[in-house]
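I have placed the structure first, in the form of structure tokens, so that the comments after it can refer back to it.
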Amino acid sequence: DAGITQSPRYKITETGRQVTLMCHQTWSHSYMFWYRQDLGHGLRLIYYSAAADITDKGEVPDGYVVSRSKTENFPLTLESATRSQTSVYFCASSESLGQASQTSYEQYFGPGTRLTVT
Amino acid sequence: DQQVKQNSPSLSVQEGRISILNCDYTNSMFDYFLWYKKYPAEGPTFLISISSIKDKNEDGRFTVFLNKSAKHLSLHIVPSQPGDSAVYFCAASGDNDMRFGAGTRLTVKP
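As structure tokens, then:
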């Protein structure tokens with residue numbers, strides 16, 4: 015199916031474990047993003063990628079690792095999960111990052127992964 | 016530091032009335048603004064946007080107003096419908112940065 019998908023949708027893991035959240039998009043969008051959503055903070059950017067093999071830190075990157083070997087995939091890894099990383103994680107993609115122009119460049123979000131770290 | 020603020024966590028309006036959601040930003044480098052709508056258990060979906068060269072953009076029942084001097088934007092929904100009940104996120108971008116507000120939960124009562 016066309017669009018952006020995330021897996022798993024729900025995950026429970028223990029403190030200290032490594033966990034990888036998957037994201038796949040079929041639009042061939044250049045940009046991909048990972049956000050976490052927490053009450054009172056809205057959506058905070060963890061990492062983003064402008065193209066395959068190009069990644070950059072967002073607002074809250076500590077404790078996370080990303081890679082992008084293929085344009086369509088952008089996995090997010092928590093190398094040693096902590097309770098503070100309990101959150102809902104959203105992956106998104108877009109054609110561009112943003113410019114002051116008439117061109118709309120909205121981001122398309124996946125359905126989210128609810129991660130609980132015990 | 017919250018560069019994009021939505022100071023009202025929730026808003027309740029009657030069906031048929033106007034809903035006004037507000038958003039303030041601090042970074043003068045932001046030059047493109049978007050509103051997203053989010054239903055429970057789903058990802059946010061794009062609603063409407065506005066470039067800094069405009070002060071108003073309209074799409075059906077949704078209108079976004081931008082006041083650059085005040086660093087303030089607002090989303091007007093007229094008339095409000097029960098299906099509009101959702102969390103609304105304001106987003107601002109520019110200078111290779113994008114920030115979201117904390118969201119406002121809108122409830123439209125029949």
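Taken in order, these protein sequences are the chains called W and H. With my numbering applied, the first sequence covers 15 to 132. With my numbering applied, the second sequence covers 16 to 125. We treat Cβ as the ideally placed atom computed from N, Cα and C, and that holds for glycine.
Note on geometry: alpha-carbon atoms of residue 83 (chain H) and residue 20 (chain H) lie some 15 Å from one another.
Comparing C-alpha distances from residue 107 (chain W) to each of W:73, W:43, W:49 shows the shortest one belongs to W:43. No Cβ of chain W is located within less than 8 Å of the beta carbon of residue 90 (chain H). Among the CB atoms of chain W, one or more fall inside 8 Å of the CB of residue 117 (chain H). Segment contact: the stretch 97–107 of chain H against the stretch 46–64 of chain H, three or more CB-CB distances shorter than 8 Å; contact assigned.
Close partners of residue 80 (chain H) in chain W (Cβ separation under 9 Å) are lacking, with about 17 Å as the shortest Cβ gap. By the CB criterion at 8 Å, residue 86 (chain H) and residue 40 (chain H) fall inside the cutoff. Flagged as an interface residue toward chain W: residue 104 (chain H), by a C-beta distance shorter than 8 Å. By the Cβ criterion, the stretch 36–53 of chain W is in contact with the stretch 82–102 of chain W, since at least three pairs of Cβ atoms, one from each stretch, lie closer than 8 Å.
Put simply, the CB of residue 59 (chain H) is near chain W, with a gap under 8 Å to one of its CB atoms. Of the residues assessed, residue 121 (chain W) falls on the buried side of the cut-off, its CB having 16 or more other CB atoms within 10 angstroms. The continuous beta strand (DSSP E) containing residue 73 (chain H) extends over residues 71–74. Taking 8 Å as the CB threshold, residue 49 (chain H) lines the interface with chain W.
Residue environment analysis places residue 60 (chain W) among the buried positions, since at least 16 neighbouring C-beta atoms fall within 10 angstroms of its C-beta. Counting only unbroken stretches of 3 or more residues, the beta strand (DSSP E) elements lying wholly within the stretch 31–80 of chain W are 33–39, 45–52, 56–65, 68–71, 78–80, in sequence order. Within the DSSP secondary-structure output, residue 94 (chain W) pairs in no beta bridge. In the three-state reduction of the DSSP assignment, residue 46 (chain H) falls in the coil class. Secondary structure of residue 98 (chain H) (DSSP, three-state): helix. Against residue 55 (chain W), the close residues of chain H are 117, in the order they occur along the chain (beta-carbon pairs closer than 7 Å). Between the beta-carbon of residue 124 (chain W) and that of residue 27 (chain W) there is about 19 Å, and that puts the pair past the 8 Å contact cut.
For the pair residue 27 (chain H) and residue 119 (chain H), the Cα-to-Cα distance works out to about 10 Å.
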